[in-house]
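Numbering (my numbering), first residue to last: 53 to 468. Quick reminder that beta carbons are idealized off the backbone N, C-alpha and C, glycines included. Here the structure is a predicted model, which is why all the values come from computation and not from measurement. Worksheet for the structure shown next.
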């Protein structure tokens, strides 16, 4: 599904050694995969949940012209990545909107432009108590009341079972509520209903997506220490030992533009603990050649670079040789958009290597859902492998919870 060229890395970074505590942690993770402890990953091994989810998506698409997904972090990033991959823009029906910040202007603009009678909000929160998501849901209810519309018909929830604020709302308004698996953390939820409901509405082939992820997971479970995710993680950890404090991910495809932000949360929130981790930087080729490439090539040598190139040569609009001649650019005669962006990626990689920067390249076949699923699973597994090497738990986020508690205390103080 993909290959990784690590020839641009020092040899010392390319010989994975999972020993001692790291081996114990990695072996324990693989055992957990086998016994169902980590459903965020093993969802890829079973497709039984897809049929009812597809039925629900079809009903939503038939009834509504707009769907708003309200959620923070992993409750939005995965679904948005999948929707953008499918090209679900303003001409797609239903039109998808992602409300992933509590900026008052953004919320007011969105509510002001939506035809409420044709709109469904899906509020997503694993805990059911995320303040930003509750703000979206509660203010949405007020908008519906103002228009005399049924809350039950225009609000759906996705949250854990048990007692929480969103479950309380569900009881009051008899809302359709989808279950959020308590063992699936938000940043690892892209292959669950959190990511797949917006994906289905956007027209993503979720079966192929799952199967691409499945192939990578099965290969990893067969040979965890020598797998591509394990090799990728080892290089990142060794790079950090040599002063590479940042991890740049730069795909050369607009369809993968949101892979960077998704990866940034996955990597930072999973690994930034106890003084460990590296800072993820999301970039996009060829766009960011015209913004940050100068720094990458000639600034501080403190970054590990991962490029993603796709097999896109010969695709897209082609420059008419006669027009190229008129513009006095004969070297562009007959080339396609795919030819150009591929050459730009290869040229940038060669340039950075020439400047002595550590570069690795993920090369994929023509992009489709199976390839995307493989990439998603690759980065999820890479993150867990890096955690085993650093000796940290990739599935919690204690510092984030501290910030939430402080924000709540401020709100309570202001209300007093």
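Quickly, what does DSSP pair residue i with across the bridge? List them, please.
i	result
residue 356	299
residue 55	415
residue 175	122 and 209
residue 72	Answer is none; residue 72 lacks a bridge partner.
residue 370	388
residue 362	416
residue 80	DSSP output for residue 80 lists no bridge partner at all.
residue 60	411
Just the C-alpha distance for residue i and residue j, rounded to the nearest angstrom, thanks.
i	j	result
residue 463	residue 73	42 Å
residue 254	residue 145	8 Å
residue 260	residue 221	35 Å
residue 422	residue 85	21 Å
residue 208	residue 169	14 Å
residue 175	residue 268	31 Å
residue 262	residue 97	8 Å
residue 338	residue 224	50 Å
residue 394	residue 426	21 Å
residue 81	residue 238	18 Å
residue 78	residue 276	8 Å
residue 153	residue 347	30 Å
residue 323	residue 248	25 Å
residue 183	residue 151	13 Å
residue 210	residue 119	14 Å
residue 369	residue 453	48 Å
residue 433	residue 241	13 Å
residue 441	residue 405	27 Å
residue 306	residue 341	14 Å
residue 108	residue 386	46 Å
residue 458	residue 451	11 Å
residue 331	residue 319	8 Å
residue 219	residue 204	13 Å
residue 375	residue 382	9 Å
residue 250	residue 138	10 Å
Determine, using beta carbons only, whether residue i and residue j come nearer to each other than 7 Å.
i	j	result
residue 147	residue 321	no
residue 122	residue 188	yes
residue 429	residue 265	yes
residue 310	residue 136	yes
residue 355	residue 279	no
residue 325	residue 159	no
residue 289	residue 357	no
residue 163	residue 195	yes
residue 197	residue 212	no
residue 243	residue 95	yes
residue 384	residue 258	no
residue 335	residue 407	no
residue 235	residue 91	yes
residue 185	residue 177	yes
residue 105	residue 245	yes
The alpha helix (DSSP H) spanning residue i covers which residue range?
i	result
residue 191	183 to 199
residue 429	421 to 442
residue 331	Looking at the DSSP string, residue 331 is not in any alpha helix (DSSP H); the run it does join, the beta strand (DSSP E), is 331 to 334.
residue 147	Careful: residue 147 lies outside any alpha helix (DSSP H), inside the beta strand (DSSP E) at 147 to 151.
residue 107	102 to 115
residue 91	91 to 94
residue 270	258 to 274
residue 248	245 to 254
residue 286	280 to 293
residue 163	156 to 165
residue 453	450 to 467
residue 340	Looking at the DSSP string, residue 340 is not in any alpha helix (DSSP H), and its letter there is neither H nor E.
residue 313	311 to 323
residue 473	Residue 473 is absent from the structure shown; the chain starts at 53 and stops at 468.
With distances taken from CA atoms, which of the options is nearest residue i?
i	options	result
residue 409	400, 415 and 417	400
residue 364	304, 150 and 257	304
residue 202	181, 177, 184 and 172	172
residue 134	456, 345, 424 and 111	424
residue 414	457, 294, 360 and 114	360
residue 55	281, 91 and 197	281
residue 58	287, 125, 90 and 312	287
residue 76	437, 467, 460 and 452	437
residue 65	285, 245 and 149	285
residue 124	109, 406, 314 and 257	314
residue 353	63, 318, 294 and 457	294
residue 116	455, 273 and 206	206
residue 390	381, 397 and 366	366
residue 431	312, 105, 291 and 178	312
residue 67	283, 87 and 387	283
residue 418	308, 460, 302 and 69	308
residue 193	227, 252 and 447	227
residue 398	167, 112, 302 and 376	302
Quick check: is the beta carbon of residue i nearer than 7 Å to any beta carbon in chain C?
i	result
residue 64	You won't find chain C in this structure, because it holds only one protein chain.
Which residues bound the beta strand (DSSP E) around residue i?
i	result
residue 230	229 to 231
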